[in-house]
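So that you can map any letter, position 265 of the sequence shown is 265 in UniProt numbering, and since no number is skipped, the others follow by simple counting. Beta carbons are placed, not taken as given, at the ideal position from N, Cα and C, and that holds for glycine. Remember, it's a predicted structure, so these values are computed and weren't measured experimentally. Okay, structure first, notes after.
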Amino acid sequence: MKFVGANKITFVTCFVLALSIYVALHGFNLHGVILSFTQDSLRNGSVSDQSDFVSKDQLYLAIDDDDEDVSRLRYDYYGVSCPFAEKIIGNAVNEIYKARPGIAPSLIRLLFHDCFIEGCDASVLLDADESQSSEKEAPPNLSLKALDVIASIKSELERTCPGVVSCADILVMSTREALALAGGPSYTLKTGRKDSLFTFKDIAERELPSPRSTLSQILASFASRGFSAQETVTLLGAHSIGITHCTFFKDRLYNFSGTDNPDPELNPGFLQELKTKCPFSASASSPSPCPDTGFAPSLSASDYHSNYGLSSENDGVIDLSFNNEGGPLNFGSRYYRRLLQNKGVMYADQQLMASEETATWVRAYSSDPLLFRRDFIKAMVKLSSYHVLTGPLGQVRTNCSKVLA
Ligand code: HEM
Ligand SMILES: [Ca+2]
Ligand SMILES: [Ca+2]
1 MKFVGANKIT
11 FVTCFVLALS
21 IYVALHGFNL
31 HGVILSFTQD
41 SLRNGSVSDQ
51 SDFVSKDQLY
61 LAIDDDDEDV
71 SRLRYDYYGV
81 SCPFAEKIIG
91 NAVNEIYKAR
101 PGIAPSLIRL
111 LFHDCFIEGC
121 DASVLLDADE
131 SQSSEKEAPP
141 NLSLKALDVI
151 ASIKSELERT
161 CPGVVSCADI
171 LVMSTREALA
181 LAGGPSYTLK
191 TGRKDSLFTF
201 KDIAERELPS
211 PRSTLSQILA
221 SFASRGFSAQ
231 ETVTLLGAHS
241 IGITHCTFFK
251 DRLYNFSGTD
261 NPDPELNPGF
271 LQELKTKCPF
281 SASASSPSPC
291 PDTGFAPSLS
301 ASDYHSNYGL
311 SSENDGVIDL
321 SFNNEGGPLN
331 FGSRYYRRLL
341 QNKGVMYADQ
351 QLMASEETAT
361 WVRAYSSDPL
371 LFRRDFIKAM
381 VKLSSYHVLT
391 GPLGQVRTNC
401 SKVLA
């Protein structure tokens with residue numbers, strides 16, 4: 001019996017070995033395809049300097065551009081270099097989620113804010129240093145959470161496979177796990193993202209959509225990143241979990257567009273409910289003062305904040321899941337049903353009803369949770385792969401908040 005057992009082990013070892021050789025060859029063949037494609041374009045004269053001495057890596061660089069990056073992500077990218085990476089991330093998210101279920105929406109928002117600004121490159125996680133101020137300091141990012149979750153998973157992975165798993169990949173994989181725990185759909189993800197060397201505070205401040213955006217602003221901002229109107233409606237379904245601070249919609253309750261009256265579009269019953277949770281305060285009519293400088297909103301300060309208000313510490317919050325209205329499987333659909341009743345919390349949310357095209361998708365998702373889940377998977381996979389750094393571009397940080405020296 002012992003002998004047979006040993007044989008079995010030898011057989012398994014050989015099989016695994018053969019499989020990895022096959023995978024290695026297969027990988028090499030794929031590289032060959034890229035090479036011959038490159039040589040074709042060299043022959044066609046699109047790259048001028050043809051040399052027999054050009055190494056594979058140089059050729060790789062020669063064909064590199066933004067559109068090539070996504071195609072270089074792979075399933076099981078860490079299969080050899082860190083085989084338990086996905087397991088470690090999954091277990092960690094599970095453990096943290098038990099104590100803090102709020103990490104699910106917070107991670108989803110963190111992913112959105114990272115990917116939307118210069119792609120999914122963990123640029124949002126970097127601290128300020130001598131050479132650059134941090135994206136985290138941009139007003140829309142001041143209310144981000146769960147950065148500590150990524151940091152703690154990163155340090156666990158650094159103990160197992162030092163310097164291997166990028167922060168950008170940890171963010172997309174952790175978010176996928178958290179979303180599934182929160183009742184959202186699950187999906188498979190390619191990996192191989194690299195981390196940026198830069199953080200983009202000014203771009204984040206300018207380009208993250210404001211809760212006071214109009215539909216055309218929202219659609220333009222998503223369209224410039226390749227997302228259709230339908231995909232934009234789909235992604236906003238993430239607003240069916242998590243929280244929103246009163247600051248981001250309080251003007252709708254007390255002084256909408258300087259009228260001293262509520263937003264006439266708001267459902268009257270819902271208006272009363274929101275007023276109870278977000279009582280009138282001096283800052284209701286104009287966005288709150290800068291907490292870092294402490295000065296009351298002067299003209300320039302309120303201009304600064306009118307794009308994206310800042311939340312103060314004693315600001316109330318609204319539960320976007322409304323006590324899990326409709327049950328966890330209503331992830332997404334409940335958001336659209338609420339929009340149909342004029343119960344969008346932010347002005348930007350309710351704007352999805354402002355055109356026939358987007359309203360059609362709101363109606364479709366409100367009545368067909370499975371359609372929503374299918375589309376949400378596609379949109380999240382697309383968002384998670386938006387404008388990634390791969391191959392020789394970027395780096396793998398060892399600490400997610402610091403560029404590798
Ligand atoms: C027009 C586009 C969007 C605007 C204006 C917007 C704005 C906001 C604002 C102001 C908050 C409240 C933050 C707070 O009070 O702490 C929020 C929360 C959230 N957003 Fe968005 N968002 C947009 C799109 C998205 C997208 C595309 C996603 C993901 C796919 C997303 C996911 C979330 C989640 C999950 C939360 C809850 C966060 C938490 O509980 O920590 N948002 N959003
Ligand atoms: Ca890129
Ligand atoms: Ca980014």
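**Prompt:** Are the stretch 366-376 and the stretch 243-261 touching by the rule of at least three beta carbon pairs closer than 8 Å?
**Reply:** Contact annotation: the stretch 366-376 does not touch the stretch 243-261, with fewer than three C-beta pairs closer than 8 Å.
**Message:** Do Ala182 and residue 424 count as a contact pair if the criterion is CB distance below 8 Å?
**Reply:** A query on residue 424 cannot be resolved here, the shown segment of the chain reaching from 1 to 405 and no further.
**Asked** With DSSP run on the structure shown, which of helix, strand or coil describes Arg74?
**Response** In the three-state DSSP reduction, Arg74 falls in the strand class (E or B).
**Message:** Going by DSSP, what residue range makes up the alpha helix (DSSP H) through Val362?
**Reply:** Start and end: Glu356 to Ser367.
**Cβ-heavy atom distance, Asp114 to ligand 3, below 7 Å** = Yes, Cβ of Asp114 sits closer than 7 Å to a heavy atom of ligand 3.
**Request:** Hey, could you find the ends of the beta strand (DSSP E) Ile318 is sitting in?
**Result:** Val317 to Asp319 is the span of the beta strand (DSSP E), which, as asked, contains Ile318.
**Item:** Buried versus exposed call for Gly119 [16 or more other C-beta atoms within 10 Å across all chains shown]
**Value:** Gly119 is buried by the Cβ-count criterion.
**Request:** May I ask you to report which of helix, strand or coil DSSP gives residue 459?
**Result:** The chain is shown from 1 up to 405; residue 459 falls before or after that span and cannot be answered.
**Request:** Report the residue from Thr188, Ser216 and Cys167 whose alpha carbon sits nearest the alpha carbon of Arg176.
**Result:** Closest option to Arg176, Cα to Cα, is Thr188.
**Message:** Check whether the stretch 185-200 and the stretch 161-177 are in contact - that is, three or more C-beta pairs closer than 8 Å.
**Reply:** Because the criterion of three Cβ pairs below 8 Å is met, the stretch 185-200 and the stretch 161-177 touch.
**Asked** By the 10 Å Cβ neighbour count, where 16 or more other Cβ atoms means buried, how is Phe84 classified, buried or exposed?
**Response** It is exposed - the Cβ of Phe84 has fewer than 16 other Cβ atoms within 10 Å.
**Asked** Using the rule of at least 16 other Cβ atoms within 10 Å of the residue's Cβ for burial, across every protein chain shown, is Ala405 buried or exposed?
**Response** Label assigned to Ala405: exposed.
**Prompt:** Cα-Cα, which of Ile103, Pro369 and Asp315 is closest to Lys275?
**Reply:** The shortest Cα separation from Lys275 among Ile103, Pro369 and Asp315 belongs to Asp315.
**Message:** Let's test the definition: count the other Cβ atoms within 10 Å of the Cβ of Asn141 and tell me whether it reaches 16, buried, or not, exposed.
**Reply:** Residue burial is scored here from C-beta neighbours: Asn141 has at least 16 other C-beta atoms within 10 angstroms and is therefore classed as buried.
**Asked** Rounded to the nearest angstrom, how far is the Cβ of Pro209 from that of Ile218, given a contact under 8 Å?
**Response** Sure, about 6 Å apart at Cβ, within 8 Å.
**Request:** List in chain order: all unbroken beta strand (DSSP E) runs of 3+ residues lying wholly within the stretch 221-254.
**Result:** Counting whole runs of 3 or more residues, the stretch 221-254 contains the beta strand (DSSP E) stretches 243-245.
**Asked** Below 8 Å between beta carbons: does that hold for Ala122 and Asp195?
**Response** If you check the CB distance, Ala122 and Asp195 come in under 8 Å.
**Message:** Let me check you understand the geometry: is the CB of Cys400 closer than 7 Å to at least one non-hydrogen atom of ligand 3?
**Reply:** Not a single heavy atom of ligand 3 lies less than 7 Å from the C-beta of Cys400.
**Alpha-carbon spacing of Phe200 relative to Glu135, whole angstroms** = Near 5 Å, if we compare the C-alpha coordinates of Glu135 and Phe200.
**Request:** Please check if any C-beta of chain B sits within less than 8 Å of the C-beta of Leu383.
**Result:** Considering every chain present, this structure includes no chain B. It has just one protein chain.
**Message:** Helix, strand or coil for Lys190? Go by DSSP, reduced to three states.
**Reply:** Three-state result, Lys190: coil.
**Request:** Could you pull the start and end residues of the alpha helix (DSSP H) that Val388 belongs to?
**Result:** Run containing Val388: none; DSSP gives neither H nor E here.
**Local conformation of Gln395 per DSSP, three classes** = DSSP places Gln395 in strand when its eight states are reduced to three.
**Message:** Quick check on Arg206: buried or exposed, where buried means 16 or more other Cβ atoms within 10 Å of its Cβ?
**Reply:** Label assigned to Arg206: exposed.
**Prompt:** Roughly how many whole angstroms lie between the Cα atoms of Val381 and Asn267?
**Reply:** Distance between the alpha carbons of Val381 and Asn267 is about 34 Å.
**Asked** Where do the ends of the alpha helix (DSSP H) carrying Asp169 lie?
**Response** First-last of the alpha helix (DSSP H) with Asp169: Cys167 to Leu181.
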